[in-house]
Structures are given as structure tokens and as C-alpha cells.
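These notes are about the structure you will find just below.
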Amino acid sequence: MSRDDISVHFLPEFRRRLSRRWLRSVVEQTLEREGLQNPVEVGVVIADDETVQGLNNDYRGLDETTDVLAFAFQTFSDPGTLAEPNAEPTDGFIEPPQQPLNLGEVVVSYPQAKRQAAARGGRIAEEAALLVAHGVLHLLGYDHAEPLQERVMWKKQDAVVAALFPKGHQ
117 MSRDDISVHF LPEFRRRLSR RWLRSVVEQT LEREGLQNPV EVGVVIADDE TVQGLNNDYR
177 GLDETTDVLA FAFQTFSDPG TLAEPNAEPT DGFIEPPQQP LNLGEVVVSY PQAKRQAAAR
237 GGRIAEEAAL LVAHGVLHLL GYDHAEPLQE RVMWKKQDAV VAALFPKGHQ
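According to my numbering, the sequence shown is numbered sequentially starting from 117.
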């Protein structure tokens, strides 16, 4: 998706753990599966537990680490609305015409992702893909506060991972 601007940043200790190009492909796969028509910007940050814990405390009031945080720069009334051509967010900044819509940033705790992968008996790449897809879905307006929302979101993130790892993931 050359029309999208996907930036990936690493804390120095994680630079060689995951591929920047591969993480971009996870974001692209998630956006493609949602049928986006408009160009967008998305940022991904691979961080440590302390950074994620600090952000979690500052923005959510939870003084604990977590696996992924999503900071949406737009608010959509319905997650499906962004897939419509020329869809406008219901809230947020007005972007100049022909400019990509900045959806926000996804911050992943690499150490937490590694622990979760080990607990599942899976690979860190699969866990990172799951977490990045999860974060991007949040940027698109999906949530999992209610059981139905959770089923929809989990199905979508699992489909992204299954597309990237055709033999499945668990």
C-alpha cells in the first residue's frame, strides 16, 4: 500500500528483534482487510515494559505494564465508516485535502509480547503481529468492551495473523 504512510520506531534494544518492513506489512494487511479506500498514516513503536507502563499510567490511570496501547488521533462513530470513499471522521483534526488521514500510534511492549508468545508456545513474530493488528483495529474504531465487540475484533485480528502465518497460530 504505497499510498499509506506507516512509520515504525524501535527503542534501541529492540532494533534487531523485529523487521521494520515486516511490521509495516502487518499494518498494511490489517488496513487492506478493512477495505480502506483513503490513504492513512499509522505509527508503530516497539518499546520496553517501563515505557508502556508509564504510558498506561499516564493515559489510562493503570500503573501496570500491558502488551499494546493504541492512541487514536481520530474518532469514528462506526468502525466500518472509514472504509467508505471520502469518509470523514466524526471527531478530530481536519486534514488538508489529499493528505493521508493520521489514524494514530500503536505502542507494543516487546518484553510482554515475548512473555505472551512463550506462554502460548508460539513465536514472537506471531504475537507481535497479533498485537499490532489489535492496535490498528483500535485506531480504526474497533473495541472489545462488550462480548459481541470482542468477538468481532478477535476474529479480525486472528484473520490478519492467519493471513501472515498460513499454518495458523495459537
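Heads up, the beta-carbon is just placed ideally off N, CA and C, and yes, glycines get one too.
Query	Result
As assigned by DSSP and simplified to three states, the class of D121	strand
Collapsed DSSP secondary structure at I173 in the structure displayed	In the sequence as displayed, the identity of residue 173 is Asn instead of Ile. In the structure shown, N173 sits in a helix (DSSP, three-state: H, G or I).
Exposed unless 16 or more other CB atoms sit within 10 angstroms - verdict on P128	exposed
Contact set for N173: own chain, Cβ-Cβ below 7 Å, skip 5 residues either direction	D179
Counterpart residues of S225 in DSSP-defined beta bridges	A163
Inter-residue CB distance, D164 and Y226 (contact presumed, cutoff 8 Å)	7 Å
Inter-stretch contact (C-beta, 8 Å, three-pair minimum) for the region 123–137 and the region 182–191	no
Among G238, K272, D120, L247, nearest to K283 - alpha-carbon criterion	G238
Local conformation of L219 per DSSP, three classes	strand
7 Å CB neighbourhood of I162 in its chain, flanking five on each side removed	F126, L127, F130, L134, V224, Y226
Simplified DSSP assignment, three categories, for F126	strand
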